[in-house]
Amino acid sequence: MSGFLCMPPNRSPRGGGGGGSSGGGGAARRRRRAWLWREGRRSLCLGKARLRADGEARRAGDMAVDLEEQDDYHHSANSLYKPVDVTTQEETPLFKEPEGNRHGFHKPKDHFNGTYIIFFLLGTSSLLPLNFIITAKNYWMYKLQNCSEEISPAEQGTSDVRDFFESYISMASTVPSVLCLIGNFLLVNKVSVSVRILSSLVTMLAALVVITVLVKVDTSAWTSGFFVITIVCVVVSSSAATIFSSSVFGLTGSFPMRNSQALISGQAMGGTVSAVALVVDLAAAPDVTDSALAYFLTADLFVILCIGMYLILPKLEYSRYYMERRQGGTQPPCVLPSDYLEDGDTATGNTSLLPPDRNQRGRIPPLGSILKEMGVLGFCVFYVYFISIIIFPAISSSIESVNKVPGSLWTDKYFTPLTSFLLYNFADWCGRQITVWIQAPGPKSKLLPALVLLRTFFVPVFMLCNFQPRKHIAKVFFTQDAYPVVFTVLLGFSNGYLNTLAMMYGPKVTPKELSEAAGVLMMMFLQLGLALGSVFSVLAVHLM
Numbered sequence: 001m002s003g004f005l006c007m008p009p010n011r012s013p014r015g016g017g018g019g020g021s022s023g024g025g026g027a028a029r030r031r032r033r034a035w036l037w038r039e040g041r042r043s044l045c046l047g048k049a050r051l052r053a054d055g056e057a058r059r060a061g062d063m064a065v066d067l068e069e070q071d072d073y074h075h076s077a078n079s080l081y082k083p084v085d086v087t088t089q090e091e092t093p094l095f096k097e098p099e100g101n102r103h104g105f106h107k108p109k110d111h112f113n114g115t116y117i118i119f120f121l122l123g124t125s126s127l128l129p130l131n132f133i134i135t136a137k138n139y140w141m142y143k144l145q146n147c148s149e150e151i152s153p154a155e156q157g158t159s160d161v162r163d164f165f166e167s168y169i170s171m172a173s174t175v176p177s178v179l180c181l182i183g184n185f186l187l188v189n190k191v192s193v194s195v196r197i198l199s200s201l202v203t204m205l206a207a208l209v210v211i212t213v214l215v216k217v218d219t220s221a222w223t224s225g226f227f228v229i230t231i232v233c234v235v236v237s238s239s240a241a242t243i244f245s246s247s248v249f250g251l252t253g254s255f256p257m258r259n260s261q262a263l264i265s266g267q268a269m270g271g272t273v274s275a276v277a278l279v280v281d282l283a284a285a286p287d288v289t290d291s292a293l294a295y296f297l298t299a300d301l302f303v304i305l306c307i308g309m310y311l312i313l314p315k316l317e318y319s320r321y322y323m324e325r326r327q328g329g330t331q332p333p334c335v336l337p338s339d340y341l342e343d344g345d346t347a348t349g350n351t352s353l354l355p356p357d358r359n360q361r362g363r364i365p366p367l368g369s370i371l372k373e374m375g376v377l378g379f380c381v382f383y384v385y386f387i388s389i390i391i392f393p394a395i396s397s398s399i400e401s402v403n404k405v406p407g408s409l410w411t412d413k414y415f416t417p418l419t420s421f422l423l424y425n426f427a428d429w430c431g432r433q434i435t436v437w438i439q440a441p442g443p444k445s446k447l448l449p450a451l452v453l454l455r456t457f458f459v460p461v462f463m464l465c466n467f468q469p470r471k472h473i474a475k476v477f478f479t480q481d482a483y484p485v486v487f488t489v490l491l492g493f494s495n496g497y498l499n500t501l502a503m504m505y506g507p508k509v510t511p512k513e514l515s516e517a518a519g520v521l522m523m524m525f526l527q528l529g530l531a532l533g534s535v536f537s538v539l540a541v542h543l544m
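Taken in order, the sequence shown gives residues 1 to 544; the numbers are from UniProt numbering.
Take a look at the structure:
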């Protein structure tokens, strides 16, 4: 502290003074002690005030969402929900962090957008196994086809497997993932995020390698066994992908919001990459197994690339700054002048100034407190994916051209890969990318859940397109190929835009020390929507 105790001059006489020297000296000492006591109290009060100011400034810096865009957020949609008092923890403010602070700590720059690109690639790999498995419809139909001219009851069951393969894959990839997310939520403060991310990536790679090896294996004599192995690989890879994506998304909760957007946009790009790879392989390799081999090898190499990218992430100065700050590593030192504190006094009453890991390590995150802040946003994520997975791919991939001609390149070979898989994933990516510039409605707006609920109308609309084969609903209401194309674009775009807004807002409306747990919980809502939606997709296909 800078409060110096300036001693007053000694006014007691040092020479003779007769008998009055003793009384005069005692009075001077008493005056000096009283003056020292007053100065000490004044310095103590100044020290406490400065410590409180430092604590409040540090709280405001910790709660800030470090948006790096130089836009004035008072003129954007974010101004609708920017709180006035940035020291409260009722709602995490969405504003830009200053370049430096009073302690001299300066935020590094994301040179060449290296961290943004890495999170984008990690997002791409998070849904890559499921996207590649679902998109390779022609390959699965070939591997599960009947090889006998006589149709036995067992072969009839195999035919049913082909008809409902997308729904079975959806259930196998989503239902077990909910259990994995619950486990990940419980372990979020017990197991290192790096351990969770790297182990899940290696597991994803192992499952994809098994699927790749089986491409060139003749499975015609044991089709049912091949189907079981495929389902097991789907369960393993999707469970690992769920732990990976929720862990990475929780990690981005400590980064500026643009990095969360990069991760979510990368997830949509994973679907686009798989759809483009499918079209290229179909055009380059006439044989379905050659095409599938190149297709799944692409997925294997991409997962290996993402393992390398994650290992590079902590070595970047920009990402290391936020990862260490998340662990309390870059907090300014707080030296308490205990000599000037009275018994029972503390520098600040805010325990959140302690590093998050020191407060939360080994504890289960408070579920009720998190849900209170982001329950509506979690429902939005759940319902967006609930509707999307009912339609895509179980219904949309079985919509055929009304002008289908056997052997035609467009209506028979490329119509479904282009209009269902590629178009949906590209529209989904566009919707997520738009959130870089437009973030409306805000997290507290009632318009956001209203728009999410309006997507329910997509289910009957797609069911009235040219879905084949259809047994119960004979009438095809939309008899032009343009209708499913437009509906697919709207479905994908709304899925990407609304889901990204809710996913970005979720960890930011909770206290900073709970941001990783909030990110994991948002992924739990996502997987729950996928799980229930996949079950309802089977019902929807049966109703057709």
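Glycine included, each C-beta is placed from N, C-alpha and C at the ideal position. Source: prediction; values computed, not measured.
Taking C-alpha positions only, G250 is separated from G519 by approximately 4 Å. Beta-bridge partners assigned by DSSP to I134: none are found. Annotation: A285 to L293 spans about 10 Å, alpha carbon to alpha carbon. In the DSSP assignment, Q527 falls within the alpha helix (DSSP H) that extends over S515 to L543.
Counting along the chain, P176 sits inside the alpha helix (DSSP H) bounded by residues F165 to L186. For the pair of segments examined, the region 492 to 505 was found to touch the region 419 to 429: the number of CB pairs separated by less than 8 Å reaches three. Linking L144 to V161 through their CA atoms gives a straight-line distance of about 8 Å.
Collapsing the DSSP output to three states places F467 in a strand. A residue is called buried when at least 16 other Cβ atoms come within 10 angstroms of its Cβ; R29 does not meet this threshold and is exposed.
For I399, the secondary structure class from DSSP, reduced to helix, strand or coil, is strand.
DSSP places N495 within a helical segment (H, G or I) once states are collapsed to three.
Rounded to whole angstroms, A172 and F164 show a C-alpha spacing of 12 Å. Cα atoms of S388 and L454: separation of roughly 12 Å, rounded to the nearest angstrom.
Annotation for L122: the continuous alpha helix (DSSP H) segment containing it runs G114 to S126.
Look at H111 here: in three-state DSSP terms it is helix. For I438, there is no enclosing alpha helix (DSSP H), as DSSP marks it with neither H nor E.
For S260, same chain residues with a beta-carbon under 6 Å away, outside a window of 5 residues either side, are T252 and M504 in chain order. Collapsing the DSSP output to three states places V303 in a helix. Distance from the Cα of M544 is smallest, within the candidate group D281, I473 and L501, for I473. Between the alpha carbons of L122 and N189 lies a gap of roughly 22 Å.
If you check the CB distance, V476 and R470 come in under 9 Å. DSSP places S254 outside both helix and strand once states are collapsed to three, so it counts as coil.
Comparing alpha carbon positions, the residue from A277, Y385, V193 and Y116 closest to S246 is V193. Counting C-beta pairs closer than 8 Å gives three or more between the region 531 to 538 and the region 389 to 396, which meets the contact rule.
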